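Worksheet: the structure to be examined is printed underneath.
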Amino acid sequence: MPPIPSPLLDHPEYLEHYRWMTRAIALAAAAGAAGEVPVGAVIVNASGELIAEGENRRERDHDPTAHAEIVALRQAGRVLQTWHLEPCTLYVTLEPCPMCSGALIQARLGRLVYGTDDYKAGAIRTVANLPDSACSNHHLQVIGGILETPCRQQLQEWFSQRRARKSS
Ligand SMILES: [Zn+2]
């Protein structure tokens, strides 16, 4: 788990984002320790209660779709007994890829909060913008950059450790 800086603001909405992103970072750390690219996600309902968690499980499940967001979306659907997630907020440490961005649109997710931009595959705004594109029929509220530094460092450190292991 990377060091988490203290909150920047004491605004209640920011503190909510800070709290849930910290939880997503802890899930990502667990995935990283299990040999997965460290990405974690949580889903919170309209009352601010945690209803689902996910971490990247692609290697462990031999499943190309087992990204943290997809794992969390499936759990939220089971908990709420619906695929409609309009009242929910999903927190994820890394900007979603095209598959996950598509799934968030399919779920009619209310709001996405993510940590760090993905310059290789980010499909929310960095490489592509699926939510605002012609293939989307759903307006997704997005907040990026919450706890950006630990989210980014966690990924960078995991990849640099993997490179060091491979070359030794
Ligand atoms: Zn994804």
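Sequential numbering of the sequence shown, starting at 1207, is according to our numbering.
All residues carry an ideal CB built from backbone N, CA and C; glycine is no exception.
All values derive from a computational prediction rather than experimental measurement.
In the structure shown, Gln1360 adopts helical secondary structure according to DSSP, grouped into three states. Linking Asp1323 to Arg1266 through their CA atoms gives a straight-line distance of about 25 Å. Of Pro1209, Glu1255 and Tyr1224, the smallest CA-CA separation from Asp1216 is found for Tyr1224. Taking the Cα of Ser1253 as reference, the smallest distance to any Cα among Met1305, Arg1229, Ser1373 and Thr1295 is reached at Thr1295.
Contact between the region 1353-1369 and the region 1232-1248 is present: three or more C-beta pairs spanning the two stretches fall below 8 Å. Between Leu1286 and Leu1315, the C-beta spacing is not below 8 Å. The count of Cβ pairs closer than 8 Å, one atom from the region 1261-1279 and one from the region 1295-1310, reaches three, so the stretches are in contact. The residue among Tyr1320, His1290, Lys1326 and Ala1272 with its C-alpha nearest the C-alpha of Ile1311 is His1290. For Gly1351, the three-state secondary structure derived from DSSP is coil. Within the same chain, Cβ atoms closer than 6 Å to the Cβ of Val1243 are found at Asn1262, the five residues on either side in sequence being excluded. With respect to the 8 Å criterion, Ile1330 and Ser1307 are classified as neighbours on the basis of their beta carbons. If you check the C-beta of Pro1302 against ligand 1, you find a heavy atom less than 7 Å away. Residue state for Val1245 is assigned as coil, using DSSP reduced to three classes.
DSSP lists Val1250 as the beta-bridge partner residues of Leu1256.
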